[in-house]
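Notes follow the structure.
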Amino acid sequence: MVMDLLHAERRTIYRMRAGLWPMLYLAPISLAMAVLAWWLVARLGDFPAFILPGPGLVWVRLMQSLADGSLFRHVLVTLREVLTGLALGVSAATALGYLLAKSHSFEKLLSPYIVASQSVPVVAIAPLLIIWFGPGLLSKVLICALIVFFPVLVNTVVGLRSVPEELQDLMRSLQATRWQTVRHLEIPAALPVFLGGMRIGATLSVIGAVVGEFVGADRGLGFLINVGRGQYDTALVFVAVFTLITMALALYGFVVLVEARLLSWQQRPDQPVITL
Numbered sequence: 022m023v024m025d026l027l028h029a030e031r032r033t034i035y036r037m038r039a040g041l042w043p044m045l046y047l048a049p050i051s052l053a054m055a056v057l058a059w060w061l062v063a064r065l066g067d068f069p070a071f072i073l074p075g076p077g078l079v080w081v082r083l084m085q086s087l088a089d090g091s092l093f094r095h096v097l098v099t100l101r102e103v104l105t106g107l108a109l110g111v112s113a114a115t116a117l118g119y120l121l122a123k124s125h126s127f128e129k130l131l132s133p134y135i136v137a138s139q140s141v142p143v144v145a146i147a148p149l150l151i152i153w154f155g156p157g158l159l160s161k162v163l164i165c166a167l168i169v170f171f172p173v174l175v176n177t178v179v180g181l182r183s184v185p186e187e188l189q190d191l192m193r194s195l196q197a198t199r200w201q202t203v204r205h206l207e208i209p210a211a212l213p214v215f216l217g218g219m220r221i222g223a224t225l226s227v228i229g230a231v232v233g234e235f236v237g238a239d240r241g242l243g244f245l246i247n248v249g250r251g252q253y254d255t256a257l258v259f260v261a262v263f264t265l266i267t268m269a270l271a272l273y274g275f276v277v278l279v280e281a282r283l284l285s286w287q288q289r290p291d292q293p294v295i296t297l
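When the letters of the sequence shown are read in order and numbered with this note's numbering, they come out as residues 22 to 297.
In structure tokens form, the structure reads like this:
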């Protein structure tokens with residue numbers, strides 16, 4: 022039995038490595054081709070720098086921003102907003118998702134309001150949050166939490182309801198406590214789907230922070246984009262955008278690593294409910 026589990030885990034690791042190798046080769050090649058195409062368009066089109074700066078100009082602007090420390094300061098502000106909002110949104114969505122999954126009457130009561138809240142774009146709510154809570158950290162955190170909340174909530178509910186009824190009956194026959202059922206059955210069963218929502222939430226939280234900084238802020242990468250736009254410093258805008266992309270990819274990659282670590286004992290589902 023133990024040897025079968027070890028062989029199954031090794032096969033899972035081999036499959037994951039086999040899937041990573043094409044990404045390791047193709048990602049640098051596709052990036053190089055994109056940069057080359059960008060350089061050709063900027064060079065052959067003879068665009069002015071404030072319309073489309075070439076990769077060289079953006080690189081110089083990046084080095085300047087790193088040298089004077091301004092980019093690092095703005096990154097820290099945005100990263101703080103993203104991580105705090107992500108933690109708040111995931112915590113609230115997980116708690117409410119558990120209640121919805123366990124109580125159909127509670128779900129019928131709150132589901133219309135939850136769905137209706139998603140029909141309003143966060144961009145429309147952001148100015149109100151800035152007015153109510155000010156242009157500081159709190160308003161940005163709330164915007165991030167709101168945009169993260171729904172995908173994590175849906176995946177939590179679906180994951181908990183995917184637990185087979187036979188296993189729940191087995192836990193009851195063993196006279197397991199509520200906590201033992203949650204720990205040994207519901208969390209492991211819901212974890213793959215829940216982490217799918219976390220992947221989405223990790224990237225959406227970056228969008229939420231930028232939306233908040235666009236509306237009202239004096240620091241952060243969103244503010245830096247506004248500064249570059251106002252000064253026709255398009256190279257600075259490119260620097261801020263690429264930094265945001267790097268931040269989102271890093272958060273997404275971290276969730277994927279956590280997922281691989283936590284789910285190394287089982288095969289990943291073929292078709293998760295919500296994933297990227």
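By construction, the Cβ of each residue, glycine as well, lies at the ideal position given by its N, Cα and C atoms.
Among Val258, Glu186, Val279, Glu207, the one whose alpha carbon lies nearest that of Val81: Val258
Classify Ser132 as buried or exposed, calling it buried when 16 or more other Cβ atoms lie within 10 Å of its own Cβ. exposed
Check whether the Cβ atoms of Val173 and Val232 lie closer than 8 Å to each other. no
I need the DSSP call for Ser91, collapsed to helix, strand or coil. helix
Local Cβ density within 10 Å of Gly251, reported as buried at 16 or more and exposed below that: exposed
Under 8 Å, do Val178 and Gly118 count as touching if we go by C-beta distance? yes
So is Ala230 buried or exposed if we call it buried at 16+ other beta carbons inside 10 Å? buried
Using 10 angstroms around the beta-carbon of Arg220, count the other beta-carbons present and answer buried if the total reaches 16, otherwise exposed. buried
According to the neighbour-count rule (16 or more other Cβ atoms, all chains shown, within 10 Å of its Cβ), is Phe171 buried or exposed? buried
Just to confirm, is the Cβ distance from Ala223 to Leu272 under 8 Å? yes
Quick one: measure Cβ to Cβ for Val162 and Thr105, integer angstroms, because I've assumed they're closer than 8 Å. 5 Å
C-beta contact flag for Val96 and Val227 at 8 Å: no
Alpha carbon to alpha carbon, how far is Ile266 from Gly75? Give it in angstroms, no decimals. 18 Å
Let me confirm a value: Thr255 is counted as buried when at least 16 other C-beta atoms fall within 10 Å, else exposed. Which label applies? buried
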